[in-house]
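Peer 1:
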Amino acid sequence: APYTTTQALQFAAAVLLTPKVALAGQAAYGVTPGNYGTALVTELAQGRTNAFALGIVALDRLRPGDRFTFTVSQPMRSYTGSIALDMLTGLDDNGQPTRERMRFSMVPPGRELRMEMQYQQPVGRTASSGFTMVLRHQPDHLADAPMEKLLAWRYTQRF
6 APYTTTQALQ
16 FAAAVLLTPK
26 VALAGQAAYG
36 VTPGNYGTAL
46 VTELAQGRTN
56 AFALGIVALD
66 RLRPGDRFTF
76 TVSQPMRSYT
86 GSIALDMLTG
96 LDDNGQPTRE
106 RMRFSMVPPG
116 RELRMEMQYQ
126 QPVGRTASSG
136 FTMVLRHQPD
146 HLADAPMEKL
156 LAWRYTQRF
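Under our numbering, the first residue of the sequence shown is numbered 6, with each subsequent residue one higher.
#1: Measuring CB atoms only, is the stretch 125-143 touching the stretch 157-164, in the sense that at least three cross pairs come out at less than 8 Å?
#2: Please specify which runs of the beta strand (DSSP E), each continuous and at least 3 residues long, are wholly inside the stretch 38-82, giving them in chain order.
#3: Tell me the rounded alpha-carbon separation between D98 and I88.
#4: Indicate whether the contact test is met: 3 or more Cβ pairs, each with one atom in the stretch 45-55 and one in the stretch 66-85, closer than 8 Å.
#5: Go through its chain and collect everything with a Cβ distance to V46's Cβ below 7 Å, but skip five positions before and after it.
#6: Can the beta-carbon of Q143 be found closer than 9 Å to that of A150?
#7: Taking the CB atoms as reference points, tell me whether G35 and A19 lie closer together than 9 Å.
#8: Is the stretch 92-112 touching the stretch 60-67, taking contact as three or more C-beta pairs under 8 Å?
#9: Assign E105 to buried or exposed, taking buried as 16 or more other Cβ atoms, counted over all protein chains shown, within 10 Å of its Cβ.
#10: Along the beta strand (DSSP E) that carries R104, what are the first and last residues, could you check?
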């Protein structure tokens, strides 16, 4: 709706476990109030969303200047909310359109969890190289979706 305002709140913190190891995390929550629409969308029930991440960062593990991270996270996901639509459902015996108000949940059937591991090391004074491995369980919050795997290598050079 034109005047709908989503309110969001995020908490983030990091704690040094040792001089070269930190534990970091964040949690985010959002609320979008419900409203009554017009035409196709007739009602939008209040929606609530959340996301989180928890990771560990370690420096100088294999060589000076390197960084290793491991993170578990859930991308933003609705956990309440629905939408009602005025839908064309067919034709009656006289050929006139029939309509029905249908309600759909905005809560996805699955819950994506990501596990990500990264390693980065300096290469000389102006470059770095590293790899990233990501596993996505129920990607895009789809319960039946197969796990996705990603392996990437990155090289960066400052100039």
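Idealized CB from N, CA, C, for every residue including glycine.
Peer 2: Let me lay it out:
#1: yes
#2: 46-49, 52-64
#3: Here the question's residue 98 lines up with position 93 in the sequence shown. Here the question's residue 88 lines up with position 83 in the sequence shown. Rounded to whole angstroms, D98 to I88 spans 29 Å at the Cα level.
#4: yes
#5: Residue 46 sits at position 41 when you count from the first residue of the sequence shown. For V46, where only same-chain residues beyond five positions count, the Cβ hits under 7 Å are I88, L90.
#6: Counting from 1 along the sequence shown, the entry for residue 143 is found at position 138. Counting from 1 along the sequence shown, the entry for residue 150 is found at position 145. Closer than 9 Å, so yes.
#7: Counting from one through the sequence shown, the residue named residue 35 turns up at place 30. Counting from one through the sequence shown, the residue named residue 19 turns up at place 14. For G35 and A19, no; Cβs fall outside 9 Å.
#8: Not touching, per the Cβ criterion.
#9: Along the sequence shown, read from residue 1 onward, the residue named residue 105 stands at position 100. With fewer than 16 Cβ atoms within 10 Å of its Cβ, E105 is classed as exposed.
#10: As a first step, residue 104 must be located in the sequence shown, where it is residue number 99. 102-110 is the span of the beta strand (DSSP E), which, as asked, contains R104.
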